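Novice: Let me begin by handing over the structure; questions about it come next.
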Amino acid sequence: MTKTSRTYRIVVEYGVQKQLCKHFGVCDETVRRALRYNGESTNELHKKIREEAFRLGGQEITVEKAIH
42 MTKTSRTYRI
52 VVEYGVQKQL
62 CKHFGVCDET
72 VRRALRYNGE
82 STNELHKKIR
92 EEAFRLGGQE
102 ITVEKAIH
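Going by our numbering, the first residue of the sequence shown is number 42, and it counts up by one from there.
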């Protein structure tokens, strides 16, 4: 049995990350970290960024990687 690591990512159209930065008044690194998460993080700002990304047409994808 192979162990896997599951992470989630919200994919947005070109320019949406910049819109999110301006809307929330944060740097691009904060938005990138909010859009890539493992499902366990409970940071309120990140949750708000994800909700806004979904509202702007973002799609969630699941990435599974094998742990060696």
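Backbone N, C-alpha and C fix where the C-beta goes; we use that ideal spot for every residue, glycine too. Just so you know, these numbers come straight off a predicted model, no measurement behind them.
1. For residue 107 and residue 48, which I take to be in contact (beta-carbon distance under 8 Å), what is that distance rounded to the nearest angstrom?
2. Using a Cβ-Cβ cut-off of 6 Å (strictly less than) and excluding sequence neighbours within five positions of residue 78, which residues of its own chain qualify?
3. How about residue 72 and residue 58: do their beta carbons lie closer than 7 Å?
4. Using 7 Å as the threshold, is the C-beta distance between residue 105 and residue 51 below it?
5. Tell me the DSSP secondary structure of residue 106 in three-state form.
Specialist: Per the coordinate set shown:
1. On the sequence shown, residue 107 is found 66 positions in, with the first residue counted as 1. On the sequence shown, residue 48 is found 7 positions in, with the first residue counted as 1. Actually they are not in contact, since the Cβ atoms of residue 107 and residue 48 sit about 13 Å apart, beyond 8 Å.
2. Residue mapping note: residue 78 aligns to position 37 of the sequence shown, counting from 1. Only 49 meet the Cβ criterion.
3. Start at 1 with the first residue of the sequence shown, and residue 72 comes out as number 31. Start at 1 with the first residue of the sequence shown, and residue 58 comes out as number 17. Result yes, Cβ atoms of residue 72 and residue 58 sit closer than 7 Å.
4. As a first step, residue 105 must be located in the sequence shown, where it is residue number 64. As a first step, residue 51 must be located in the sequence shown, where it is residue number 10. No, they are not a contact pair.
5. For this step, residue 106 is matched to residue 65 along the sequence shown. DSSP places residue 106 in strand when its eight states are reduced to three.
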